[in-house]
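A.B. asks: Numbering follows numbering that gives the first Met the number 0, in which position 316 of the sequence shown is assigned residue number 315; successive positions increment by one, without gaps.
Heads up, the beta-carbon is just placed ideally off N, CA and C, and yes, glycines get one too.
Model, not experiment: these values are computed from the prediction.
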Amino acid sequence: MNTVDEKLQSILATVVHRNAGEPEFHQAAREVLESLGRVIARNPEYSADALIERICEPERQIIFRVPWIDDNNEVQINRGFRVQFNSALGPYKGGIRFHPSVNVGIIKFLGFEQTFKNALTGMPIGGGKGGSDFDPKGRSDREIMRFCQSFMIELHRHIGEYVDVPAGDIGVGAREIGYMFGMYKRLNNRFEAGVLTGKGLVYGGSRARKEATGFGTVFFVRSMLALKGTDFDGKRCVVSGSGNVAIYAMEKVLSLGGKVIACSDSGGYVVDENGIDLDLIKQIKEVKRGRISEYVALKGDGCSYVKAGSIWDVPCDIALPCATQNELHGGDAKTLIENGVIAVAEGANMPCTPEAVQMFKQAGTLFAPGKAANAGGVATSALEMQQNASRDSWSFAKTESRLEEIMINIHDACNETAEEYGAPGDYVLGANIAGFVRVAEAMRAMGVI
Numbered sequence: 000m001n002t003v004d005e006k007l008q009s010i011l012a013t014v015v016h017r018n019a020g021e022p023e024f025h026q027a028a029r030e031v032l033e034s035l036g037r038v039i040a041r042n043p044e045y046s047a048d049a050l051i052e053r054i055c056e057p058e059r060q061i062i063f064r065v066p067w068i069d070d071n072n073e074v075q076i077n078r079g080f081r082v083q084f085n086s087a088l089g090p091y092k093g094g095i096r097f098h099p100s101v102n103v104g105i106i107k108f109l110g111f112e113q114t115f116k117n118a119l120t121g122m123p124i125g126g127g128k129g130g131s132d133f134d135p136k137g138r139s140d141r142e143i144m145r146f147c148q149s150f151m152i153e154l155h156r157h158i159g160e161y162v163d164v165p166a167g168d169i170g171v172g173a174r175e176i177g178y179m180f181g182m183y184k185r186l187n188n189r190f191e192a193g194v195l196t197g198k199g200l201v202y203g204g205s206r207a208r209k210e211a212t213g214f215g216t217v218f219f220v221r222s223m224l225a226l227k228g229t230d231f232d233g234k235r236c237v238v239s240g241s242g243n244v245a246i247y248a249m250e251k252v253l254s255l256g257g258k259v260i261a262c263s264d265s266g267g268y269v270v271d272e273n274g275i276d277l278d279l280i281k282q283i284k285e286v287k288r289g290r291i292s293e294y295v296a297l298k299g300d301g302c303s304y305v306k307a308g309s310i311w312d313v314p315c316d317i318a319l320p321c322a323t324q325n326e327l328h329g330g331d332a333k334t335l336i337e338n339g340v341i342a343v344a345e346g347a348n349m350p351c352t353p354e355a356v357q358m359f360k361q362a363g364t365l366f367a368p369g370k371a372a373n374a375g376g377v378a379t380s381a382l383e384m385q386q387n388a389s390r391d392s393w394s395f396a397k398t399e400s401r402l403e404e405i406m407i408n409i410h411d412a413c414n415e416t417a418e419e420y421g422a423p424g425d426y427v428l429g430a431n432i433a434g435f436v437r438v439a440e441a442m443r444a445m446g447v448i
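#1: Run through the region 60–134 for me and flag every whole beta strand (DSSP E) of 3 or more residues, listed as ranges in chain order.
#2: Return the first residue and the last residue of the alpha helix (DSSP H) that Leu-365 is part of.
#3: Within a Cβ cutoff of 8 angstroms, which residues of the same chain sit near Val-31, ignoring the five residues on either side of it in sequence?
#4: Which stretch, first to last residue, makes up the alpha helix (DSSP H) that contains Leu-32?
#5: Compare the Cα-Cα distances from Pro-165 to each of Asp-232, Asn-243, Thr-13, Leu-109 and report the closest residue.
#6: Counting only runs of 4+ residues fully inside the region 338–419, write out the alpha helix (DSSP H) ranges in chain order.
#7: Would you check if there are 3 or more beta carbon pairs closer than 8 angstroms linking the region 134–151 to the region 64–80?
#8: By how many angstroms is the C-alpha of Ala-207 removed from the C-alpha of Lys-198?
#9: Hey, could you find the ends of the alpha helix (DSSP H) Ser-9 is sitting in?
#10: Any idea what DSSP makes of Lys-136, helix, strand or coil?
#11: Could you have a look at Leu-327 and say whether DSSP puts it in helix, strand or coil?
#12: Using beta-carbon positions only, say whether Asp-451 and Asn-77 come within less than 7 angstroms of one another.
#13: So for Ser-239, helix, strand or coil by DSSP?
#14: Please name the residue, chosen from Glu-354, Cys-315, Ser-392, that lies closest to Asn-325 on a Cα-to-Cα basis.
#15: In its own chain, which residues sit with a C-beta less than 7 angstroms from the C-beta of Tyr-420, not counting the 5 before and 5 after it?
#16: If you reduce the DSSP assignment to three classes, tell me which class Ala-296 lands in.
#17: Assuming Thr-196 and Ser-380 make a contact with CB atoms under 8 angstroms, what is their CB distance in whole Å?
#18: Report the partner residues of Lys-306 according to the DSSP bridge assignment.
#19: Between the Cα of Lys-457 and those of Glu-383, Lys-227, Ala-388, spot the shortest distance and give me the residue it belongs to.
#20: Just to confirm, are Val-270 and Ile-291 a CB contact at a threshold of 7 angstroms?
#21: Quick one: give me the first and last residue of the beta strand (DSSP E) that Ala-322 is part of.
#22: Looking at the unbroken alpha helix (DSSP H) that takes in Val-38, where does it start and where does it end?
#23: Would you kindly report the start and end of the unbroken alpha helix (DSSP H) that includes Val-217?
#24: Let me know if Pro-57 comes out buried or exposed under the rule of 16 or more other beta-carbons within 10 Å of its beta-carbon.
#25: Does the separation of the CB atoms of Gly-130 and Val-101 fall below 7 angstroms?
#26: Spell out a yes or no on whether the region 304–311 and the region 218–236 are touching, meaning 3 or more CB-CB pairs, one atom from each, closer than 8 angstroms.
#27: State the beta-bridge partners of Gly-159 as determined by DSSP.
#28: When the distance is taken between beta carbons, is Leu-255 closer than 7 angstroms to Asn-231?
#29: For Glu-160, which of Lys-92, Leu-7, Ala-342 has the nearest alpha-carbon?
Below, the structure is given as structure tokens:
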């Protein structure tokens with residue numbers, strides 16, 4: 000396993016001690032600190048003024064009560080969060096997640112990752128994240144609206160287009176963004192389009208935003224494959240999840256000549272050796288908001304559904320974990336490697352455990368970490384902010400072209416940084432160092448803040 004440089008061990012110990020009971024945040028901090036030994040050896044100034052310690056400490060953590068009334072006229076109570084992690088490069092930027100697993104540790108891990116991800120895009124945005132332990136599954140539209148409005152009644156005090164610009168994440172799509180934006184507008188009595196991204200096109204949203212994270216992940220993989228003299232043509236791909244990221248990763252894979260043979264949701268996964276029918280997946284998930292198990296009954300022969308189990312048991316050339324954190328474990332990595340996987344890219348945030356990442360690296364499997372591979376979503380959010388600021392609206396083609404350019408630049412920055420620091424092909428190290436240096440340089444320029 001990778002180890003943390005001796006000079007950084009005390010910083011990691013402090014992070015663990017001060018953030019007790021937050022294993023996801025510890026994991027994210029360790030993963031970055033493991034990469035920084037080479038940086039501080041070459042640039043000792045990064046050890047001065049507690050710079051690294053400050054980067055590991057959020058600028059602000061907000062926790063609040065969210066009361067709302069369900070359809071049975073009963074009062075429900077959830078907890079809301081917003082962690083404004085780092086604003087050295089610009090206003091805090093990061094999604095809002097509605098899921099019962101959400102707690103402050105999850106949000107801090109996501110905000111920490113977001114800081115470096117946003118830095119990699121080259122856009123002027125800092126890192127933040129938010130959410131609630133509210134579960135939207137099984138709730139009516141009215142209940143979701145009431146929850147979103149109550150959530151924004153508190154959140155609106157802490158956000159703004161020059162302060163903090165949230166977007167969507169797991170459980171938060173265009174519907175939820177719309178409800179929150181409406182309440183923000185009412186509370187503040189102004190149409191501040193740049194305060195939220197992921198908006199509907201009719202009130203300031205950007206074309207290609209919902210496709211961006213999935214498209215961007217595939218653009219990144221295409222660049223990795225190109226360095227090895229190959230591409231997606233004819234490759235068997237497995238994609239975990241069936242939300243926005245997974246659906247549009249599948250769409251871009253298909254457009255580049257790949258074949259998606261399996262996808263999943265929290266209940267299980269479907270395998271279709273003839274190739275997943277993406278239109279049917281979209282009908283089930285985006286229109287009906289149903290379960291992936293319905294696919295087999297609707298599609299007919301030639302496919303199967305596996306309840307629970309591991310989608311990574313399905314042999315493939317390219318694996319795209321696009322569901323949630325720590326979904327792909329060491330045993331899954333071993334199976335994928337034995338079955339001949341050549342590339343793995345994280346469409347979700349930290350979906351591979353440290354053991355799995357290490358196994359991919361040792362096996363020589365191309366591996367793209369989430370802070371690089373799934374940066375397309377936030378990059379396009381920044382493009383939405385740019386359009387809002389100029390009162391403009393771009394075509395889908397123009398937005399996708401900018402997204403593609405950004406993802407190629409991220410890939411090249413990670414690859415070149417890894418080579419510069421003596422670890423060619425190590426995209427994890429390259430992403431961590433490239434993102435860290437940009438944030439660190441901005442913080443040094445501003446003094447001890």
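C.D. replies: In brief:
#1: Fully enclosed beta strand (DSSP E) runs of 3 or longer: 74–85, 91–97, 126–131.
#2: Translated into positions along the sequence shown, residue 365 becomes position 366. Here Leu-365 belongs to no alpha helix (DSSP H); instead the beta strand (DSSP E) covers 365–367.
#3: Looking up residue 31 in the sequence shown gives position 32. When the five nearest sequence neighbours on each side are left out, the beta carbons in the same chain lying within less than 8 angstroms of the beta carbon of Val-31 are those of Phe-111, Phe-115, Asn-431, Phe-435, in order along the chain.
#4: Residue 32 sits at position 33 when you count from the first residue of the sequence shown. Counting along the chain, Leu-32 sits inside the alpha helix (DSSP H) bounded by residues 22–32.
#5: Your numbering for residue 165 matches position 166 in the sequence shown. Ranking the options by Cα distance to Pro-165, first place goes to Leu-109.
#6: DSSP assignment within the region 338–419 yields the following whole alpha helix (DSSP H) runs of 4 residues or more, N-terminal first: 353–362, 369–372, 375–388, 395–419.
#7: Counting Cβ pairs under 8 angstroms, three or more are found: they touch.
#8: In the sequence shown, counting from the first residue as 1, residue 198 sits at position 199. In the sequence shown, counting from the first residue as 1, residue 207 sits at position 208. C-alpha separation (whole angstroms): 11 angstroms.
#9: To locate residue 9, count along the sequence shown from 1; it is residue 10. Element bounds for Ser-9: 5–17.
#10: One-based indexing of the sequence shown puts residue 136 at position 137. Lys-136: coil per DSSP, three-state reduction.
#11: Indexing the sequence shown from 1 puts residue 327 at position 328. DSSP, read as helix, strand or coil, puts Leu-327 in strand.
#12: Any property of residue 451 remains undetermined from this structure, which presents the chain solely from 0 to 448.
#13: Walking along the sequence shown from the start, residue 239 turns up at place 240. Strand, per DSSP.
#14: By one-based count along the sequence shown, residue 325 stands at place 326. Ranking the options by Cα distance to Asn-325, first place goes to Glu-354.
#15: Position 421 of the sequence shown, counted from the start, is the residue given in the question as residue 420. Leaving aside the five residues that flank Tyr-420 on each side, the residues in its chain whose CB is nearer than 7 angstroms to its CB run, in chain order, Arg-37, Leu-428, Ile-432.
#16: In the sequence shown, the residue the question calls residue 296 occupies position 297. In the three-state reduction of the DSSP assignment, Ala-296 falls in the helix class, which pools H, G and I.
#17: Position 197 of the sequence shown, counted from the first residue, corresponds to residue 196. Position 381 of the sequence shown, counted from the first residue, corresponds to residue 380. In this structure, Thr-196 and Ser-380 form a Cβ contact; the two beta carbons are roughly 4 angstroms apart against a cut-off of 8 angstroms.
#18: In the sequence shown, the residue the question calls residue 306 occupies position 307. In the DSSP output, where bridge partners are listed per residue, Lys-306 has Gly-267.
#19: No answer is possible for residue 457: it lies beyond the span of the chain, which begins at 0 and ends at 448.
#20: On the sequence shown, residue 270 is found 271 positions in, with the first residue counted as 1. On the sequence shown, residue 291 is found 292 positions in, with the first residue counted as 1. Not a contact, by the Cβ cut-off of 7 angstroms.
#21: Looking up residue 322 in the sequence shown gives position 323. Going by DSSP, Ala-322 is part of no beta strand (DSSP E) at all; its letter is neither H nor E.
#22: Along the sequence shown, read from residue 1 onward, the residue named residue 38 stands at position 39. Per DSSP, Val-38 belongs to the alpha helix (DSSP H) from 36–41.
#23: Your numbering for residue 217 matches position 218 in the sequence shown. Judged by DSSP secondary structure, Val-217 falls within the alpha helix (DSSP H) whose first and last residues are 208–226.
#24: Here residue 57 refers to the residue found at position 58 of the sequence shown. Buried.
#25: On the sequence shown, residue 130 is found 131 positions in, with the first residue counted as 1. On the sequence shown, residue 101 is found 102 positions in, with the first residue counted as 1. Closer than 7 angstroms, so yes.
#26: Not touching, per the Cβ criterion.
#27: Locating residue 159 in the sequence shown gives position 160, where the first residue counts as 1. Note: Gly-159 sits in a beta bridge opposite Asp-163.
#28: The sequence position of residue 231 within the sequence shown is 232, counting from 1. The sequence position of residue 255 within the sequence shown is 256, counting from 1. Reading off the sequence shown, one finds Phe at residue 231, where the question assumed Asn. In this structure, Leu-255 lies closer than 7 angstroms to Phe-231 by Cβ.
#29: Position 161 of the sequence shown holds residue 160. If we check each option's Cα against that of Glu-160, Lys-92 comes out closest.
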